[in-house]
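**Q**
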Amino acid sequence: MSKFFHGGMNDRAISPAYRIETDRMVIRCYNPSDARLLAKAVQESKEHLLPWMPWAGAEPEDLQKKIERLRGMRANFDLGKEYVFGIFNKSETELIGGSGLHRRVGDKALEIGYWIDVNYINQGFATEMAKALTKVAFEIEKVKRVEIHCDPKNLASAAIPKKLGFVHEATLRHRNVTFAGESRGTMVWSMLSEEYQNSFIPQLNISVLDAIGRKFEI
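In the numbering used here, the protein residues as written are 37 to 254.
1. For residue 54 versus residue 247, is the C-beta distance shorter than 8 angstroms?
2. Between the stretch 144-157 and the stretch 73-80, do at least 3 Cβ pairs fall closer than 8 angstroms?
3. Can you check which of these residues, 210, 178, 170, is closest to residue 235 by C-alpha distance?
4. Hey, residue 183 and residue 226 are a contact pair by Cβ (cut 8 angstroms); roughly how many whole angstroms apart?
5. Count the other CB atoms, across all protein chains shown, that sit within 10 Å of the CB of residue 147; report buried if there are 16 or more and exposed otherwise.
6. Within its chain, find whatever has a CB closer than 8 angstroms to the CB of residue 62; leave out the 5 residues flanking it on each side and keep chain order.
7. Between residue 144 and residue 181, what straight-line distance do the alpha-carbon atoms span, to the nearest angstrom?
8. Could you tell me which uninterrupted beta strand (DSSP E) segments, each at least 3 residues in length, are contained entirely in the stretch 60-118, listed from first to last along the chain?
9. When you compare the stretch 212-225 with the stretch 86-102, are there three or more beta-carbon pairs, one atom per stretch, that lie closer than 8 angstroms?
10. Is residue 189 near residue 240, with beta carbons less than 8 angstroms apart?
11. Please list the segments of the alpha helix (DSSP H) lying wholly inside the stretch 119-175, counting only runs of 4 or more residues, in order along the chain.
12. Contact defined as beta carbons within less than 8 angstroms: I believe residue 106 pairs with residue 67. What is the distance between those atoms, to the nearest angstrom?
13. Considering only their Cβ atoms, is the gap separating residue 193 from residue 165 smaller than 8 angstroms?
14. Select from 237, 196, 130 the residue whose C-alpha is nearest the C-alpha of residue 70.
15. Taking the beta carbon of residue 177 as the centre, do at least 16 other beta carbons fall within 10 Å, making it buried, or is it exposed?
16. Classify residue 231 as helix, strand or coil using the three-state DSSP reduction.
17. Using the rule of at least 16 other Cβ atoms within 10 Å of the residue's Cβ for burial, across every protein chain shown, is residue 196 buried or exposed?
18. Going by CA-CA distance only, name the one from 97, 102, 172, 186 that's closest to residue 229.
19. Should residue 191 be labelled buried (16 or more other beta-carbon atoms within 10 Å of its own) or exposed?
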């Protein structure tokens, strides 16, 4: 028997997407049981993440605190406040990184955020993830705009929205502060729903499941 429930003809999947499967990864809502995998990935990647992710400065974090953090992420996910995902290998034995669909960029819009474990950088995983979440944002969440924000000095991160066809709208000056206290700007990249329809992203083949394993038809 399949590990997922697919339901009958009238039992349609309901937003949000809890699990997304691509060719190489599983992008899904975190569970508290993922705490050890998350701790391992972040600790190994701390020096890599510090210039771009100020939260990495708090690592290593006590395992119990990380469990509570994941419980909070899951609660916000269930309440539809914010969708934070773990990015796993296909067997879900390793955490490749983290991502999210965030509501902090206005009505009918979502922001994609991401970080990748240092052991998986430069292998196309962030691009594959961003492409999948862009499709989910437009086709399941029905937003009008998707944004990606990144540090102007993070060239690898900035290359991802450019590659996917996002438009560089602006670079906002002195909007963030690094862990070292340095003031940095923020690049804002966006894609509108009509631009999405004319892009190559709708052709992406992914499997998307809701909270009880029902498959979205997209």
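Every residue gets a Cβ at the ideal spot worked out from N, C-alpha and C, and that includes glycine.
**A** Put simply:
1. yes
2. yes
3. 170
4. 5 angstroms
5. buried
6. 55, 56, 123, 124, 125, 126, 128
7. 7 angstroms
8. 61-65
9. yes
10. no
11. 161-175
12. 7 angstroms
13. no
14. 130
15. buried
16. helix
17. buried
18. 172
19. exposed
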